[in-house]
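Right, one structure below, let's go through it.
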Amino acid sequence: SDVEAIAYSQYPRPADHPQWNSDLPHLRDIRIMGYSIRSCDYRYTVWVEFNPLNYTANFLNVYAGELYLLETDPNQDNNLYNHTEFVNLIKEFL
Amino acid sequence: KEKKNVLFIVADDLRTSLHCYGDQIVKSPNIDQLASKSAVFQNAFAQQAVCAPSRTSFLTSRRPDTTKLYDFGSYWRVHAGNYSTLPQYFKENGYITMSVGKVFHPGISSNHTDDYPYSWSIPPYHPSAEKYENAKTCRGSDGKLHANLVCPVAVSQVPEGTLPDIQSTEEAIWLLKAAKEKGSPFFLAVGYHKPHIPLRYPQEFLKLYPLEEVTLAPDPEIPEGLPAVAYNPWTDIRKREDVKALNISFPYGPIPKDFQLLIRQSYFAAVSYLDSQVGQLLDNLDKLGLAKNTVVVFTSDHGWSLGEHGEWAKYSNFDVATGVPLMFYVPNITAPFPQPGKRTFPFIDPFDHVPGKIPPGLVSSIVVELVDLFPTIAELAGLNVPPPCPKTSFDIQLCTEGISIVDLFNAS
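Right under this line is the structure:
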């Protein structure tokens, strides 16, 4: 009861820009995985390097990130990941 | 203790566009009625917004990194670990387990058998009309038949004169009757195909959504700060004949606004068609006297973008793609037994229904996940909750990466 309720979701990509197999890449083509943490207050997503041979993510190689504060941005249109005031919060997530 | 039956209803690509989730456009009176007698979770999320990985995940209660399934190309028992499934657990606890329609994702991801006989007591049922879903059965403005995205049909004029979800409802009702006669506890999973594309549904449901009342998504533009890697280019939509004819630029589009309205109109109509099927199924569950000892669970494999952020379909981590409806009806727990002569789930005709007359159920805004389904349904039926998985669980057949959320019913 004292732990924040969180949902984890993830999505694979073959490249860091949209291409024809971006929606549904075959396992062998996956190079990036987007891991999301969804709480009642925010969604934080980090898109990191992924190795399809050993199914491991490399959180030291971050392609991009997303941070949405749901109270002011329920539709998730205003990505705050690169805003300096959230640097410490993002470090905490990582 | 008498064992409770389970009716597990899974929709395909259904986001939380339901009246009971606050949607003011969609007409979903039968699911709203189920919600009014259920614990309803408003913040429930899939683990990956695409069919096979999500279904394999929630049916094994393991995350995609443990099922090692991120695409449609492998069977977890040989590729990751020989994990027990939710229906298998019930089967091993004395239940007859039955599958109708799309429960597991078909194909290699469920061993081309829907994981039969591991998960099911009898071979899973698939509607014969399923084979026409992607055929040219949609009447175009040229009078010819096409494989369109937007596909309202006259049911009497399509092959076999029926649609897959109608057949699934009929089969599920038949199985309910058979299970009642047999008298042993059952776990019946019914996987409806809609509102998955093509948006193919009985054309009369269009009347519920006059085009002039349909609006665009509140945020139809691609947000400035959205990383390119986060964007999904909705390639499955582009392949349909009517969309292909629009000659939309890849990858960012956009779809012309008038066609966006048509997609949204047909998605909503497909949801109302799904609602009618769910209503008929529950009506029969009730008529058979089974509503008093059957737990009913309703959810979807994931959501679907309807133009938000300039995106369509699933394939992303946005809430509209990962968010799902999730509700649990537990007889005499989430709703009292009905008064003598009263019904629990009478069918509600969406064409006669006046919106706003159905009260909400036990609503919770706590964040939950689809991996929670397995332990939650087990506990609701009176079975032991599977133990939590350790950090590495590839060689453990029965464990859960979710939690039972039954305790949250009280907080609803």
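Protein chains in written order, with our numbering: chain A, 1284 to 1377; chain B, 4 to 415.
For glycine and all other residues, C-beta sits at the position ideal for the given N, C-alpha and C.
| query | result |
| --- | --- |
| As assigned by DSSP and simplified to three states, the class of B/His22 | helix |
| Under 7 Å (Cβ pairs) to chain B, residues found in the segment 1287–1312 of chain A | Ala1288, Ile1289, Ala1290, Tyr1291, Ser1292, Gln1293, Tyr1294, Pro1295, Arg1296, Asp1299, His1300, Pro1301, Trp1303, Ser1305, Asp1306, Leu1307, Pro1308, His1309 and Leu1310 |
| Short CB-CB distance (under 8 Å) between A/Thr1328 and chain D | Absence of chain D from the displayed structure is noted, the protein chains being A and B. |
| Exposure label - A/Trp1303; buried when at least 16 CB within 10 Å | exposed |
| Neighbourhood of B/Ser407 by C-beta, 6 Å cutoff - its chain only, sequence neighbours within 5 removed | Pro378, Thr379, Glu382 and Val388 |
| Residues of the segment 211–235 of chain B whose Cβ lies closer than 7 Å to any Cβ of chain A, in chain order | Pro221, Asp222, Pro226, Gly228, Leu229, Pro230, Ala231, Val232, Ala233, Tyr234 and Asn235 |
| Extent of the continuous beta strand (DSSP E) run through B/Asn46 | Ala42 to Phe48 |
| Interface positions of the segment 49–69 of chain B facing chain A (Cβ-Cβ less than 8 Å), listed along the chain | Ala49, Gln50, Gln51, Ala52, Val53, Arg66, Pro67 and Asp68 |
| Contact set for B/Ala192: own chain, Cβ-Cβ below 6 Å, skip 5 residues either direction | Phe11, Ser102 and Val106 |
| Length of the line joining the Cα atoms of B/Leu309 and B/Val246 | 15 Å |
| Coarse secondary structure for B/Gly164, derived from DSSP in three states | helix |
| C-beta contact flag for B/His199 and B/Gly104 at 8 Å | no |
| As assigned by DSSP and simplified to three states, the class of A/Tyr1338 | coil |
| Cβ separation of B/Pro328 and B/Thr302, assumed to be a contact under 8 Å, to the nearest whole Å | 6 Å |
| B/Asp74 and A/Pro1308 closer than 8 Å at C-beta | yes |
| Pair within 8 Å by beta-carbon distance, B/Phe418 and B/Asn413 | Residue 418 of chain B lies beyond the residue range present for chain B, which begins at 4 and ends at 415; the question has no answer from this structure. |
| Proximity below 8 Å, CB of B/Ala233 to CB of A/Glu1349 | yes |
| Run of the beta strand (DSSP E) containing B/Ser303, from where it starts to where it stops | Thr297 to Ser303 |
| B/Phe377, DSSP secondary structure in three states | helix |
| Cutoff 8 Å: B/Tyr318 Cβ touching any chain A Cβ | yes |
| Counted within 10 angstroms of its Cβ, other Cβ atoms place A/Thr1339 as buried (16 or more) or exposed | exposed |
| Secondary structure of B/Glu404, DSSP reduced to three states | coil |
| Beta-carbon neighbours of A/Asn1362, restricted to chain B and to distances below 7 Å | Pro226, Gly228 and Leu229 |
| B/Ile125, enclosing alpha helix (DSSP H) - first and last residue | Premise fails: B/Ile125 is in no alpha helix (DSSP H) and is neither H nor E. |
| Same chain, Cβ closer than 8 Å to B/Cys154, neighbours up to 5 away in sequence not counted | Thr140, Cys141, Pro201, Leu202, Arg203, Tyr204 and Ser269 |
| Exposed unless 16 or more other CB atoms sit within 10 angstroms - verdict on B/Ile125 | exposed |
| Beta carbon proximity, B/Glu311 to chain A, threshold 8 Å | yes |
| Under the three-state DSSP convention, the category B/Val53 falls into | coil |
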